[in-house]
Structure formats: C-alpha cells, structure tokens
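What follows is a set of notes on a single structure, which appears directly below.
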Amino acid sequence: MKALISVTTRIYHRIAASRTCRSHQFRTLTMSASASATPTPNGQSPAPTPTPTPGPAQGTQKKTPSIPKGKTETKILMLHGYTQSGPLFSSKTKALSKLLTKALSPPPFNLHPTLIYPTGPHRLRPSDIPGYVPPEGEEAAAEEDEGDNWAWFRKDEATGSYRGLEAGMERIASAIAEAGGVDGICGFSQGGATAALVAAALEHPYRTPPPSSSVTSPSPSDSDAKEVDWSWVDSLRAANNNQPLKFCVVYSGFYGPPEALRWLYEPKIATPTLHFLGSLDTVVEESRSHGLVDRCQDPTVVVHPGGHYVPVAKDWVMVLVGWLRQRYENKDATNKEAV
Numbered sequence: 299m300k301a302l303i304s305v306t307t308r309i310y311h312r313i314a315a316s317r318t319c320r321s322h323q324f325r326t327l328t329m330s331a332s333a334s335a336t337p338t339p340n341g342q343s344p345a346p347t348p349t350p351t352p353g354p355a356q357g358t359q360k361k362t363p364s365i366p367k368g369k370t371e372t373k374i375l376m377l378h379g380y381t382q383s384g385p386l387f388s389s390k391t392k393a394l395s396k397l398l399t400k401a402l403s404p405p406p407f408n409l410h411p412t413l414i415y416p417t418g419p420h421r422l423r424p425s426d427i428p429g430y431v432p433p434e435g436e437e438a439a440a441e442e443d444e445g446d447n448w449a450w451f452r453k454d455e456a457t458g459s460y461r462g463l464e465a466g467m468e469r470i471a472s473a474i475a476e477a478g479g480v481d482g483i484c485g486f487s488q489g490g491a492t493a494a495l496v497a498a499a500l501e502h503p504y505r506t507p508p509p510s511s512s513v514t515s516p517s518p519s520d521s522d523a524k525e526v527d528w529s530w531v532d533s534l535r536a537a538n539n540n541q542p543l544k545f546c547v548v549y550s551g552f553y554g555p556p557e558a559l560r561w562l563y564e565p566k567i568a569t570p571t572l573h574f575l576g577s578l579d580t581v582v583e584e585s586r587s588h589g590l591v592d593r594c595q596d597p598t599v600v601v602h603p604g605g606h607y608v609p610v611a612k613d614w615v616m617v618l619v620g621w622l623r624q625r626y627e628n629k630d631a632t633n634k635e636a637v
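Below, the structure is given as structure tokens:
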C-alpha cells in the first residue's frame with residue numbers, strides 16, 4: 299500500500315487504500331502554482347514558439363561556466379521535450395536554473411550547478427507536430443522546411459517503435475562527453491522518458507542488453523532486417539567515464555513500451571528518481587507516467603495542479619532543491635543505490 303504525502307499549507311500522511319495494487323511506496327506532493335500551459339493531443343508536448351536554430355552540430359548549447367571559488371560544480375544534463383530544442387528548453391527553465399544556483403551554493407553544500415542543454419538530432423516538420431493544421435496554397439510546401447522543432451526519437455504510431463532512438467542516444471553521449479561527464483540528468487516529456495533510459499543504462503553493475511538476434515530493434519529499419527544496434531550503450535558509458543548518475547529528475551515523463559527496452563526497466567531503475575506530474579496533464583496520460591514510476595526502485599512523486607509543463611515557480615523549484623540536497627547529504631547512500 300502506498301503512502302501518499304500531500305502538501306497544502308503543511309505536509310501530512312495518509313494511506314491511499316485505493317492503490318493497494320501498487321507494490322512500491324512513493325511520495326506525492328500537491329501545492330498551488332501560477333504557471334499554465336496549453337497541451338496538444340497525441341501524447342506529445344505542446345509546440346513551442348520560434349527560437350533561433352542551434353549551432354551547426356545541433357548539439358549542446360555551449361557556455362563556459364565560471365565556477366566560484368570554494369564551490370563544487372555539479373553538472374546536470376537537461377533533455378527537452380518533443381518539438382522543443384536545447385535553447386528553447388534553456389529559456390523556459392531559466393528561472394529554475396537561477397533558483398538552483400542560489401539555493402545550492404551556500405554551505406554546507408557549496409555546489410555550483412551547470413545545466414547542459416543539448417538538442418535532439420531529429421528535426422521535425424510542422425506536419426509532425428500534434429495539432430498542426432496545414433495552410434492552404436503555396437505556403438504549405440515552404441512551411442514544411444521551416445521550424446526549430448526537434449526530437450530524441452519518433453514514435454511510429456503503427457508499430458509503437460521508437461525510430462531514431464539510437465541517434466538520439468548518440469547525441470546525448472556526445473553532449474556528456476563534451477561536458478567531461480555529468481552528475482545527473484533531467485528531462486521533460488519525451489526528454490524525461492529518455493532521461494530514465496540513460497540513467498538505467500549507466501547504473502552499476504551494468505545491465506546487459508539482450509542479444510541482437512533475440513529482440514526486435516526499438517528503432518527498426520523499413521525492412522526490419524537490421525540487428526539491434528546497441529553501440530550507443532557503450533558510447534554513453536564511455537562518455538560518462540564509466541560512472542553512474544547520482545540522480546534523475548523527470549517532468550511529465552513516461553514509460554517506453556518497446557520490448558527491446560525492457561532490459562532497462564527490469565530490474566527496476568535504482569538511480570534516485572524525482573517525478574513531477576501535472577494533475578491536469580492531458581498530453582501524457584497518467585497511466586503512462588505511472589508506468590515509469592512503477593519501474594523505479596524508490597521514486598519520489600510530486601503532483602502539481604497544472605498541465606504539461608515544467609513548473610518553475612519558486613515553491614516548486616524548492617521541492618527540487620530539497621530533494622537534491624538530500625542526495626548530497628547522503629552521498630554514500632546515493633552511491634549504493636546506483637551501484
């Protein structure tokens with residue numbers, strides 16, 4: 299039976315008898331929030347406003363961090379949602395970044411967060427975006443070539459496969475390598491689902507992918523004749539210097555059902571995970587989000603009364619801050635969980 303914790307003006311405990319079917323225990327926090335967002339259908343995140351196209355490699359948003367004296371850098375990889383980009387996600391989470399720095403910098407933590415924002419490798423056409431209504435006339439063809447919308451993979455609605463997942467993972471490995479390794483990962487929507495997969499792949503002892511001949515690729519070719527390409531697993535591990543992640547934060551994430559990804563969920567993900575869910579989220583169904591929660595060993599779940607977005611109001615960021623402080627207060631415990 300799960301123990302649910304709700305936060306209004308204070309935190310209290312109650313037993314949720316209606317959820318006896320779940321085997322793990324997690325925490326749910328609810329508070330008020332001022333942010334809002336308009337969701338889109340088909341389980342994808344909403345279309346963004348136009349932003350400048352990322353650099354030539356469409357990779358990490360490059361910044362040269364200045365680490366204050368006496369502070370320890372903690373590097374967090376930030377994975378954007380479907381139809382977004384690294385620069386756009388950076389813009390949307392700027393308030394979160396500032397509050398993290400302010401809250402984690404003082405003693406005894408003395409941490410300096412560096413947030414790294416890569417962009418997915420798959421450029422989306424306007425017609426790939428859920429809810430898109432094509433214009434009439436000559437403008438339609440021209441508009442198909444425009445847009446700064448990206449993805450870590452494309453879901454094939456007919457087969458359920460994640461096309462291009464390997465390229466998405468290789469892009470993430472490149473961003474991690476460029477940063478010299480990262481301490482944790484955070485993702486929104488499709489980026490949240492991907493972040494959980496990355497955390498699982500980096501855990502110690504290493505999980506072993508199934509033989510290529512025994513499973514269908516999560517990203518099959520048109521002929522479905524290719525063997526599964528697991529080279530991205532080695533790329534991720536080498537990029538992070540063969541180290542596991544200390545934590546994984548998921549906003550509006552979900553479980554990836556392709557059979558070839560089962561090894562990343564079984565056994566359950568041991569990396570400490572924090573899940574933010576919107577009670578009014580109509581983009582990612584609750585069952586999909588809880589499908590990921592159920593596959594984490596000791597998840598913490600936070601429920602906000604909004605929709606499909608990253609809550610960046612101070613009250614919500616401080617929930618994240620408190621959880622991260624616990625990770626660094628209990629370094630030995632965190633390392634054991636990941637190992």
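Under our numbering, the first residue of the sequence shown carries the number 299, and numbering increases by one thereafter.
A virtual CB, placed ideally from N, CA and C, is assigned to each residue, including glycine.
None of these values were measured; they are calculated from a predicted model.
Inset, instruction - May I ask which residues mark the beginning and end of the alpha helix (DSSP H) holding Lys367? - result: First-last for Lys367: undefined, no H or E at that position.
Legend entry - Proximal residues to Thr571 (C-beta, below 6 Å), its chain only, five neighbours per side dropped: Cys546, Cys594, Pro597, listed in sequence order.
Inset, instruction - Using the Cα positions of Gln624 and His410, report the straight-line distance between them to the nearest angstrom. - result: Their backbone Cα atoms lie some 16 Å apart in a straight line.
Inset, instruction - Compute the Euclidean distance between the alpha carbons of Tyr415 and Pro508, then round it to the nearest angstrom. - result: Taking the straight line joining both Cα atoms gives about 31 Å.
Inset, instruction - Please say whether Ala471 and Ala537 have beta carbons closer to each other than 8 Å? - result: Taking 8 Å as the Cβ cut-off, Ala537 and Ala471 qualify as a contacting pair.
Legend entry - Three-pair Cβ contact test at 8 Å for the region 586-593 versus the region 367-375: Because the criterion of three Cβ pairs below 8 Å is not met, the region 586-593 and the region 367-375 do not touch.
Inset, instruction - Mind checking which residues open and close the beta strand (DSSP E) that includes Gly489? - result: Counted as a single uninterrupted DSSP element, the stretch harbouring Gly489 is not any beta strand (DSSP E) but the alpha helix (DSSP H) occupying residues 488-500.
Legend entry - Euclidean distance between Cα positions of Tyr380 and Asp426: Near 10 Å, if we compare the C-alpha coordinates of Asp426 and Tyr380.
Legend entry - Where the alpha helix (DSSP H) through Leu622 begins and ends: Counting along the chain, the alpha helix (DSSP H) containing Leu622 begins and ends at 612-627.
Inset, instruction - Taking Ala499 as the reference, give the member of Gly478, Cys484, Trp528, Phe486 with the closest Cα. - result: Ranking the options by Cα distance to Ala499, first place goes to Trp528.
Inset, instruction - Can you grab the Cα-Cα spacing for the pair Tyr430 / Trp450, in whole Å? - result: The alpha-carbon atoms of Tyr430 and Trp450 are separated by roughly 20 Å.
Inset, instruction - Measure the CB-CB distance between Val619 and Ala401 and report whether it falls below 8 Å. - result: The criterion of a C-beta distance shorter than 8 Å is satisfied by Val619 and Ala401.
Legend entry - Other residues of its chain near Lys369: CB distance less than 8 Å, five sequence neighbours each side excluded: Setting aside the 5 residues that flank it on each side, Lys369 is surrounded in the same chain by Ser403, Asn408, Leu409, His410, each with a C-beta closer than 8 Å to its C-beta; the list follows chain order.
Inset, instruction - Quick one: grab the DSSP three-state call for Ile567. - result: Ile567 falls in the strand class under three-state DSSP.
Legend entry - Three-state secondary structure assigned by DSSP to Arg535: In this structure, DSSP gives Arg535 a helical state, which the three-state scheme calls helix.
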